[in-house]
Amino acid sequence: MQTIKSKQDFAMVFKNGKRLFHPAVRIVFIPSTQTTRVAYCAPKKIGCAPLRNRCKRLLRAAVRDIPYVPQNFDVIMFATHKTKAYSSCELSKIVNKLLHSITTT
Numbered sequence: 182m183q184t185i186k187s188k189q190d191f192a193m194v195f196k197n198g199k200r201l202f203h204p205a206v207r208i209v210f211i212p213s214t215q216t217t218r219v220a221y222c223a224p225k226k227i228g229c230a231p232l233r234n235r236c237k238r239l240l241r242a243a244v245r246d247i248p249y250v251p252q253n254f255d256v257i258m259f260a261t262h263k264t265k266a267y268s269s270c271e272l273s274k275i276v277n278k279l280l281h282s283i284t285t286t
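This note's numbering applies: residue 182 is where the sequence shown begins, and numbers increase by one.
Printed below as a string of structure tokens:
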């Protein structure tokens, strides 16, 4: 799985993407012709830099732990202020459920 890095790709996902919400995670995604690419974001509203980094690490670990990742999508995952309250296992289940719903929307 690759990461989304360019400003143009971020802008395209935000402009044309569909959104999924959970109190712990927000997801914006669009279909892609390439392999699945993921970006992890944590806004400053969450807190100081170490806390934002921890939230991004939790999201990365959650995606790494799930058995199924939909193919050919660009996905941006946002941590929320409630992300830090969830354990890695709980977050993995939440992300798995949201990523499964990507293919049905």
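Glycine included, C-beta positions come from ideal geometry on N, C-alpha and C.
Within 10 angstroms of the Cβ of residue i, are there 16 or more other Cβ atoms? Answer buried if so, exposed if not.
i	result
lysine 196	exposed
tyrosine 249	exposed
cysteine 236	buried
threonine 214	exposed
Give the single residue among the options whose Cα lies nearest to the Cα of residue i.
i	options	result
proline 224	Phe202, Met258, Arg245, His203	Met258
isoleucine 247	Glu271, Thr216, Arg207, Asp190	Glu271
threonine 184	Ser268, Thr284, Asn253	Asn253
leucine 201	Lys186, Cys229, Val256, Pro231	Val256
cysteine 229	Gly198, Met182, Lys265	Lys265
Please list, in chain order, all residues of the same chain as residue i whose beta carbon is under 7 Å from its beta carbon, the five residues on each side excluded.
i	result
arginine 241	Tyr221
serine 273	Ala243, Asp246, Ile247
histidine 203	Ile275, Leu279
Between residue i and residue j, what straight-line distance do the alpha-carbon atoms span, to the nearest angstrom?
i	j	result
serine 282	isoleucine 208	11 Å
asparagine 234	isoleucine 227	10 Å
threonine 261	isoleucine 211	21 Å
lysine 188	threonine 216	18 Å
methionine 182	aspartate 190	16 Å
Does DSSP put residue i in a helix, in a strand, or in coil?
i	result
alanine 220	strand
valine 209	strand
lysine 186	coil
lysine 199	strand
valine 256	strand
Counting only the same chain and skipping the five closest in sequence on each side, list residues whose C-beta sits under 6 Å from that of residue i.
i	result
threonine 284	Pro251
tyrosine 267	Ala205
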